[in-house]
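Visitor:
2 protein chains.
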Amino acid sequence: MKQKVTVVKVGGKIVEAPDTLETLLHRFSALEGLKVLVHGGGRTATEVAAKLGVETHMVDGRRITDADMLRVVTMVYGGLVNKQVVARLQACGVNALGLTGADMNLIRSHRRPERNGVDFGFVGDVDTVDGERLAQLLHSGVTPVVAPLTHDGEGHLLNTNADTMAGEVAKALARQFEVTLVYCFEHAGVLADPDNEASVIPLITRRDFDALKAQGVVTGGMLPKIENCLSAVGAGVRRVVITRADTLQEGCGTTIE
Amino acid sequence: MKQKVTVVKVGGKIVEAPDTLETLLHRFSALEGLKVLVHGGGRTATEVAAKLGVETHMVDGRRITDADMLRVVTMVYGGLVNKQVVARLQACGVNALGLTGADMNLIRSHRRPERNGVDFGFVGDVDTVDGERLAQLLHSGVTPVVAPLTHDGEGHLLNTNADTMAGEVAKALARQFEVTLVYCFEHAGVLADPDNEASVIPLITRRDFDALKAQGVVTGGMLPKIENCLSAVGAGVRRVVITRADTLQEGCGTTIE
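Order-wise, the sequence lines are chains A and B.
Position 121 of the first sequence, counted from 1, bears residue number 128 in our numbering, the numbering being contiguous throughout.
Position 185 of the second sequence, counted from 1, bears residue number 192 in our numbering, the numbering being contiguous throughout.
1) A/His-163 versus chain B: which residues are under 7 Å apart at the beta carbon?
2) Assign A/Thr-150 to one of two classes, buried (16 or more other C-beta atoms within 10 Å of its C-beta) or exposed (fewer than that).
3) Taking contact to mean 3 or more Cβ pairs, one atom from each stretch, closer than 8 Å, check whether the segment 73-83 of chain A and the segment 185-193 of chain A are in contact.
4) Could I get the ranges of all uninterrupted alpha helix (DSSP H) runs contained in the segment 85-172 of chain B, with 4 residues as the minimum, in chain order?
5) Which residue marks the beginning of the alpha helix (DSSP H) containing A/Gln-222, and which one marks its end?
6) Span of the beta strand (DSSP E) holding B/Arg-182?
7) Taking the CB atoms as reference points, tell me whether A/Arg-50 and A/Leu-255 lie closer together than 7 Å.
8) For chain B, find out if any of its Cβ atoms is closer than 7 Å to the Cβ of A/Met-76; answer yes or no.
9) Taking a Cβ distance cut-off of 9 Å, strictly less, list which residues of the segment 44-74 of chain A are near chain B, in chain order.
10) Since A/Leu-87 meets chain B, which of its residues come closer than 7 Å, beta carbon to beta carbon?
11) Does chain A have any CB closer than 7 Å to the CB of B/Asp-110?
12) What number of angstroms, rounded off, separates the C-alpha of B/Thr-226 from the C-alpha of B/Lys-220?
13) Considering just the uninterrupted stretch of the alpha helix (DSSP H) at A/Arg-50, what are its terminal residues?
14) In the DSSP assignment, find the unbroken alpha helix (DSSP H) run with B/Leu-255 in it and report its ends.
15) By the 10 Å Cβ neighbour count, where 16 or more other Cβ atoms means buried, how is B/Pro-155 classified, buried or exposed?
16) How close, in whole Å, do the beta carbons of A/Ala-109 and A/Lys-178 come, if the pair is a contact with beta carbons under 8 Å?
17) Heavy atom of the ligand MN less than 6 Å from the Cβ of A/Met-8, yes or no?
18) Below 8 Å on C-beta distance, what does B/Val-149 contact in chain A?
19) Identify the contact partners of B/Asn-168 in chain A, using a Cβ-Cβ distance below 8 Å as the criterion.
20) Looking at the secondary structure, which residues open and close the alpha helix (DSSP H) in which A/His-33 lies?
21) Quick one: using the 10 Å Cβ neighbour count with 16 as the cut-off for buried, is B/His-3 buried or exposed?
22) If distances are taken between C-alpha atoms only, which option among B/Gly-241, B/Val-244, B/Pro-201 and B/Ala-242 comes closest to B/Met-229?
23) Kindly indicate which three-state DSSP category A/Lys-11 falls into: helix, strand or coil?
24) Which class does A/Ile-71 belong to by DSSP, given the choice of helix, strand or coil?
25) Compare the C-alpha of A/Gly-223 against each of A/Val-176, A/His-163, A/Thr-171 and A/Ala-199 and name the closest.
26) Determine which residues share a DSSP beta bridge with A/Cys-191 and list them.
27) Give the residues of chain A in contact with B/Ala-181, contact being defined as C-beta atoms less than 9 Å apart.
28) Is the CB of A/Gly-235 under 7 Å away from at least one CB in chain B?
29) Any beta carbon from chain A within less than 7 Å of B/Gln-97's own beta carbon?
30) By the criterion of Cβ-Cβ separation under 8 Å, what are the contact partners of B/Leu-41 in chain A?
31) The alpha helix (DSSP H) that contains A/Ile-233, what's its start and end?
32) Any Cβ of chain A within less than 7 Å of the Cβ of B/Leu-104?
33) Helix, strand or coil for A/Val-197? Go by DSSP, reduced to three states.
34) Note the first and the last residue of the continuous beta strand (DSSP E) segment covering A/His-46.
35) By DSSP's criteria, B/Met-76 is part of a beta bridge. Which residues make up the other side?
36) So which residues of chain A does B/Gln-222 contact, with C-beta pairs closer than 7 Å?
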């Protein structure tokens, strides 16, 4: 039987606000077994950029990353957010190690080509994740804390979507482990009624998803999110859970498998 | 016979300027055997702080680190400088891993108490270095790249002098390895004549040092520097070399043993 690993992805909003960060870290610390935390960026990067005179441009919710913005996200994601989370986790008794994809050549990516006339700049799409090295770290009692930065192997860091990184890390670990991938977000799970937090759909399979889509229950931004979850399951991840950061525990949220 | 490790400390000035950084990284990459890079902070922190409206105060060349300045150095040292160095080293074929003292609980420190009415703020004095964990990393083919930040184990990062960190890392590794500690600085070595770069004193032992001091050959800021080097040698480090970053190779600079 494979050993279990939980990969938790949290957004920048949660790790930036001291109160929600503390709640998350305590929940995360309490999770049994091997685990990985992948964190997003968030608004601090936009604030720091503004103060440094670097303009923020977003296209479809993604940050256009020119050379100056890359410096900002390297500082904020790789330094400020990542190292604060590591220090706090250490205080919670978790032997955390902050990582970007460049560290130990863990996550290689290539610069995203221009699409539909949009040049995202120094944004990377993931090519490979070194699951063996991550497994070694986990077996040696270390909890990786991954910032949303990768590298191209030619000396350049690349800004990378944290949801994607969490998915790729989960898939790479699935070769050796039984992996549960948890996406923390602002709702209690996938809701049957968007105005009712109690209407969480507990389980979604590929067949359910097709039905929910056809019935118009799941729409908009949730469609690609669930599609990504199902694709992770298709690639060997045991289950994906979508839940709120403050209910990071068994039996909460929507399980996709 | 113990395996050899070289611990190289470079100042912030060298890693901040693209041309001197490239030279250093190529020299460092070419060093044979196991190695560790410890980098300082430097002027980028002061520049970023100024743009963010955070005032820089220095006392005896040390940075007073209030909560806002701690955020800045966490971004600049732990993020910008550290991760750029890691990405560049990866491109040079060195399997670099960026670390602060908080990562894997590597370097614990305590906040420096107020001295002579000066409160340095979030500045840490090193208590312990986990030499075993560093040795594991080295044996697994990883080259640690250490930023001048430590933690107190209670969730706080602390700004820490990079020279001191390099010395403590070297001492911790000396239990298992034959350690050469290299301090890169702006001169070719300890100079017998401060106006002549060719007057490098090739070797200084404790006895030589006492004589050089008595003769007034070594004065000012070099005195505590050499004292620290001799103390590292006293604590088991095989030799300490003081040299320029661009001559990072056998037989250059001043050897202290």
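Glycine is no exception: its CB is placed at the ideal position from the N, C-alpha and C atoms.
Guide: Let's see:
1) Ala-94
2) buried
3) no
4) 89-98 and 138-146
5) 213-222
6) Where B/Arg-182 is concerned, there is no enclosing beta strand (DSSP E), given that its DSSP letter is neither H nor E.
7) no
8) no
9) Val-55, Lys-58, Leu-59 and Gly-60
10) Arg-78, Thr-81, Met-82 and Gly-86
11) yes
12) 7 Å
13) 50-58
14) From DSSP, B/Leu-255 is part of no alpha helix (DSSP H); its letter is neither H nor E.
15) buried
16) That belief does not hold up - the Cβ atoms of A/Ala-109 and A/Lys-178 are roughly 20 Å apart, past 8 Å.
17) Looking for the ligand MN in the displayed structure turns up nothing, as the structure carries no ligands at all.
18) Met-111
19) The contacting residues do not exist; B/Asn-168 stays about 18 Å from chain A at best.
20) 25-37
21) In the structure displayed, chain B extends from 8 to 264; residue 3 of chain B sits before or after that span and is not available.
22) B/Pro-201
23) strand
24) coil
25) A/Ala-199
26) A/Thr-250
27) Result: empty, since nearest Cβ-Cβ is about 23 Å, beyond 9 Å.
28) According to the sequence as given, residue 235 of chain A is Asn; it is not Gly. Output row for A/Asn-235: interface = no.
29) yes
30) Those within 8 Å of B/Leu-41 in chain A number zero; the least Cβ separation is about 15 Å.
31) 229-241
32) yes
33) coil
34) 41-46
35) Its beta-bridge partners do not exist; DSSP assigns none.
36) Under the 7 Å cutoff, chain A gives no residues; its nearest Cβ is about 46 Å from B/Gln-222.
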